[in-house]
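So the structure is just underneath, and the comments pick up after that.
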Amino acid sequence: MQVKTTPAQHIPVITIDGPSASGKGTVAQLVADKLGFAYLDSGALYRVVAFAAQQNNVAWDDANAVAECAKTLNIKFKNDQILLNDHDISNEIRTELMGKGASQVAVHAPVRAALIDLQHSFHQAPGLVADGRDMGTVIFPFAPLKIFLTASTEIRAERRYKQLLGKNQPANYENILQDLQERDARDKGRASAPLVMAENAILLETDNLAITDAVNTVLNAYKNVKTC
Ligand code: DC
Numbered sequence: 002m003q004v005k006t007t008p009a010q011h012i013p014v015i016t017i018d019g020p021s022a023s024g025k026g027t028v029a030q031l032v033a034d035k036l037g038f039a040y041l042d043s044g045a046l047y048r049v050v051a052f053a054a055q056q057n058n059v060a061w062d063d064a065n066a067v068a069e070c071a072k073t074l075n076i077k078f079k080n081d082q083i084l085l086n087d088h089d090i091s092n093e094i095r096t097e098l099m100g101k102g103a104s105q106v107a108v109h110a111p112v113r114a115a116l117i118d119l120q121h122s123f124h125q126a127p128g129l130v131a132d133g134r135d136m137g138t139v140i141f142p143f144a145p146l147k148i149f150l151t152a153s154t155e156i157r158a159e160r161r162y163k164q165l166l167g168k169n170q171p172a173n174y175e176n177i178l179q180d181l182q183e184r185d186a187r188d189k190g191r192a193s194a195p196l197v198m199a200e201n202a203i204l205l206e207t208d209n210l211a212i213t214d215a216v217n218t219v220l221n222a223y224k225n226v227k228t229c
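Plus 1 on top of the position in the sequence shown (first one is 1) and you've got my numbering.
In C-alpha cells form, the structure reads like this:
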C-alpha cells in the first residue's frame with residue numbers, strides 16, 4: 002500500500018499503538034487533553050466501516066464491497082459523538098460485535114487505503130495524539146514520539162469484563178478472553194499494516210501500571226522529545 006506523506010510534518014504527532022483493550026484509548030485521550038492536542042481514535046473508523054457495511058448488507062469478508070462503503074462514508078465528528086449520515090452511532094459501534102467486525106474489515110488493504118486521507122485530516126496544529134494499530138508504522142511514520150502500549154491478554158480480558166459489567170451489559174470472561182485472542186491473532190497476522198511495534202517505539206506494559214502513571218510516562222517522554 003502506498004502511503005502519501007502529509008505536508009505538515011512539523012506538526013507534532015504522538016502515536017499510541019497496541020492491542021485491543023490495552024487502555025490505549027483512555028491514555029491517548031488524556032494525553033491529548035493535557036497537551037491541548039486533537040485525538041484520533043482510528044479504531045472507531047474501522048468500527049464505523051463495519052457498521053456501515055452491515056447496514057448495507059455487505060459481508061465483512063467482501064474486500065471490494067466493504068472498500069466501497071469506506072470510500073463513501075458520510076462521517077462527521079461532533080464533540081465526542083460520531084455521526085454516520087447525521088445519526089449518532091457512537092454507542093452502536095462500541096459493541097463487541099462491531100469490534101469483531103472492525104478487525105475483520107481491517108484485514109483488507111483497499112479498506113485501509115480508503116481511510117488514509119481521513120486519518121491524515123486529523124493532523125492539525127497544535128498537534129495530534131493518534132491511537133490504533135498502525136499509527137506509528139504506517140499512517141504517521143514520521144511521529145517524533147511512538148508508544149506501544151500493551152498488557153497481558155488475561156488483564157485485558159478482565160478490564161473489558163469489568164467495563165461491560167459497569168455498563169450493565171452481559172459479560173462472560175471466558176468468551177471475552179477467547180475473542181481477544183482471536184482479534185489479536187487477526188490484527189497481528191494480517192498482511193496489510195499488521196499490529197507490530199514500530200522500531201523506534203517506547204514499550205509501555207500496563208499490567209501493573211495505573212492509567213495516570215501511563216499518562217505521565219507518555220507526557221515525560223514527550224517533554225524529552227521536545228527538548229532534544
Ligand atoms: O481499537 P479498537 O478495538 O476500536 O479497534 C477495532 C479493530 O479495528 C481492531 O481489532 C483492528 C482494527 N484497527 C486497525 O486495523 N487499525 C487501526 N489503526 C485501528 C483499528
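Glycine included, every Cβ here is placed at the ideal spot set by N, Cα and C.
A distance below 7 Å between beta-carbons, with the five flanking residues on each side excluded, links Q30 to the following residues of its chain, in chain order: Y40. Q170 and A9 have their alpha carbons spaced roughly 43 Å apart. Per DSSP, G167 is one residue of the alpha helix (DSSP H) stretching across 154-167. In the assembly as shown, K163 is an exposed residue. Its beta-carbon has fewer than 16 other beta-carbons within 10 Å.
In this structure, G100 has its CB closer than 7 Å to one or more heavy atoms of the ligand DC. For M136, the Cβ falls inside the 7 Å cut-off from some heavy atom of the ligand DC. Per DSSP, Q182 lies in no beta strand (DSSP E) segment; the continuous alpha helix (DSSP H) that holds it begins and ends at 174-190.
Across the structure, D180 and K101 are spaced so that their CA atoms are roughly 8 Å apart. One Cα belongs to L119, the other to K77, and the distance between them is close to 11 Å. According to the DSSP assignment, V197 belongs to no beta strand (DSSP E), since it is labelled neither H nor E. Residue side-chain check: G128 keeps its Cβ at 7 Å or more from all non-hydrogen atoms of the ligand DC. Counting the other CB atoms within 10 Å of its CB gives H121 a total of 16 or more, which places it among the buried residues. Boundaries cannot be given for A202, as no beta strand (DSSP E) includes it and DSSP labels it neither H nor E.
Remark: C-beta atoms of L129 and S23 do not approach each other more closely than 8 Å. Here the alpha carbons of P20 and K168 stand approximately 22 Å from one another. The three-state reading of DSSP puts D62 in coil, since its state is none of H, G, I, E or B.
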